[in-house]
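Letter by letter, the sequence shown follows residues 1 to 259 in UniProt numbering.
Using N, Cα and C, we set each Cβ at its ideal position, and we do this for glycine too.
Bear in mind the structure is a predicted one, so any value in this text is a computation, not a measurement.
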Amino acid sequence: PLEEDSVNKTYPFLHVQSGYYLRLRQSYSPDITAGVLATSTKIDANGNDVFKIINWDTLVILPRYIAVKGNNMFLRLAEIDGHPYLQFLGEDIGEAAVAMEVFYTPNGDIRIKPVCSDKYWKHKPDWIWVDSDDTKGNDTDTLFYPFKVDVHTSLLLPKRLTNMVEPMLSRKIANLRYDTESARVYDEKVQIVAKNSASNHTTRSNTMDVKLTYTDTTTSTWNSHFSLGLEAKASFESGVPIITEGSVEISTNVETGTE
Numbered sequence: 001p002l003e004e005d006s007v008n009k010t011y012p013f014l015h016v017q018s019g020y021y022l023r024l025r026q027s028y029s030p031d032i033t034a035g036v037l038a039t040s041t042k043i044d045a046n047g048n049d050v051f052k053i054i055n056w057d058t059l060v061i062l063p064r065y066i067a068v069k070g071n072n073m074f075l076r077l078a079e080i081d082g083h084p085y086l087q088f089l090g091e092d093i094g095e096a097a098v099a100m101e102v103f104y105t106p107n108g109d110i111r112i113k114p115v116c117s118d119k120y121w122k123h124k125p126d127w128i129w130v131d132s133d134d135t136k137g138n139d140t141d142t143l144f145y146p147f148k149v150d151v152h153t154s155l156l157l158p159k160r161l162t163n164m165v166e167p168m169l170s171r172k173i174a175n176l177r178y179d180t181e182s183a184r185v186y187d188e189k190v191q192i193v194a195k196n197s198a199s200n201h202t203t204r205s206n207t208m209d210v211k212l213t214y215t216d217t218t219t220s221t222w223n224s225h226f227s228l229g230l231e232a233k234a235s236f237e238s239g240v241p242i243i244t245e246g247s248v249e250i251s252t253n254v255e256t257g258t259e
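Here's what the structure looks like:
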């Protein structure tokens, strides 16, 4: 990052390996709706390479599928007087009407629809209905912005604190592949890992045994990129990257779990 405006905390970013600046993608294609490219060695006159830094702790990053929990009940699609409402009536996270699908807009707003329906959430004066056919996000009443209260809680619905959980009981992650060719090792230093000595106080040659021992401890940490503490349990089966003789190698498979 190269500081552009110290007051507003905006920066251009230079990709070190290529020497190109990151720039907001301008020409969209049907399969790519937004993105950043490293395409120019010069600063963009229109400011398309200037980015604002946002505090990660203030963001709510949701997975594609969620279930919304409040008062120990799950939010679900329910028909009342012929209208599709949302109510905290679900007792089972496996109910078809409980699972919700999240769609992000380029500016960070989200749109939500039940997995069992083709209609999107839409804000009404005193309720949220599930009756919008707008698939592009042109209707601002279908746009929502969740706020994080703590690691487990967010404010998605007006005046109601809710928990976001994933509509699944467990998941297993396997066959992870690491891009070891792009890995780098920084600040290598020679360290003394063991030390011992032996002395020959005679006038004759002698053979002595000197034993050196040390303990090598390896710690691996896994982090989710979602900003809320979601409840679904996950098990990992994969190798762990380790540094050996200045290069990165993959150890034998290990199996672990996380919540």
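With 16 other CB atoms within 10 Å as the buried threshold, where does residue i fall?
i      : result
Thr202 : exposed
Trp121 : buried
Thr142 : buried
Gly108 : exposed
Lys69  : buried
Asn163 : buried
Val16  : exposed
Pro146 : buried
Ala99  : buried
Please work out which residues of its chain come closer than 6 Å, Cβ to Cβ, to residue i, disregarding the five sequence neighbours upstream and downstream, and give them in chain order.
i      : result
Asp187 : none
Ser18  : Ala38
Lys52  : Thr10
Tyr104 : Ile110
With a CB to CB cut of under 7 Å and the five nearest residues on each side skipped, what residues in its chain are close to residue i?
i      : result
Ala198 : Met208, Val210
Met73  : Phe88, Leu89, Gly90, Glu91
Asn206 : Asn200
Pro84  : Leu77, Lys119, Trp129, Val130, Asp131
His127 : With the sequence shown as reference, residue 127 is identified as Trp, and His is not the correct amino acid for it. Counting only Cβ-Cβ distances below 7 Å, and skipping sequence neighbours, we find Tyr85.
Arg204 : none
Just checking my contact of residue i with residue j at CB under 8 Å: how many whole Å lie between their CB atoms?
i      : j     : result
Val130 : Leu86 : 6 Å
Distance, Cα to Cα, residue i vs residue j?
i      : j      : result
Lys113 : Tyr214 : 57 Å
Val190 : Glu181 : 24 Å
Ile192 : Leu212 : 11 Å
Leu2   : Asn55  : 17 Å
Ala183 : Leu14  : 18 Å
Pro167 : Ile93  : 6 Å
Leu75  : Arg25  : 37 Å
Phe144 : Asp57  : 19 Å
Asp216 : Asn196 : 18 Å
Tyr20  : Pro12  : 11 Å
Ala96  : Thr218 : 43 Å
Ile80  : His123 : 16 Å
Asp133 : Ser117 : 11 Å
Glu259 : Pro125 : Confidence is the limiting factor: at Glu259 the pLDDT is only 49, short of 50, which leaves the residue's position unreliable and the question unanswerable from this model.
Val165 : Leu176 : 24 Å
Ser170 : Asn71  : 23 Å
Tyr178 : Gly82  : 52 Å
Apart from the five residues just before and just after residue i, which ones in its own chain have a Cβ nearer than 8 Å to its Cβ?
i      : result
Arg23  : Val36, Leu37, Ala38, Thr39, Ser40, Asp44, Asn48, Asp49
Val102 : Leu62, Pro63, Arg64, Tyr65, Ile66, Ile110, Arg111, Ile112
Asn8   : Lys52
Ala194 : Leu212, Thr213, Tyr214
Original post:
Any chance the region 39-49 sits against the region 63-71, with 3 or more Cβ pairs inside 8 Å?
Top reply: The answer is no - the region 63-71 does not touch the region 39-49, with fewer than three Cβ pairs under 8 Å.
Subject >> Touch test, the region 134-141 against the region 47-56, Cβ-Cβ under 8 Å, three pairs minimum >> reply: Verdict: no, contact absent.
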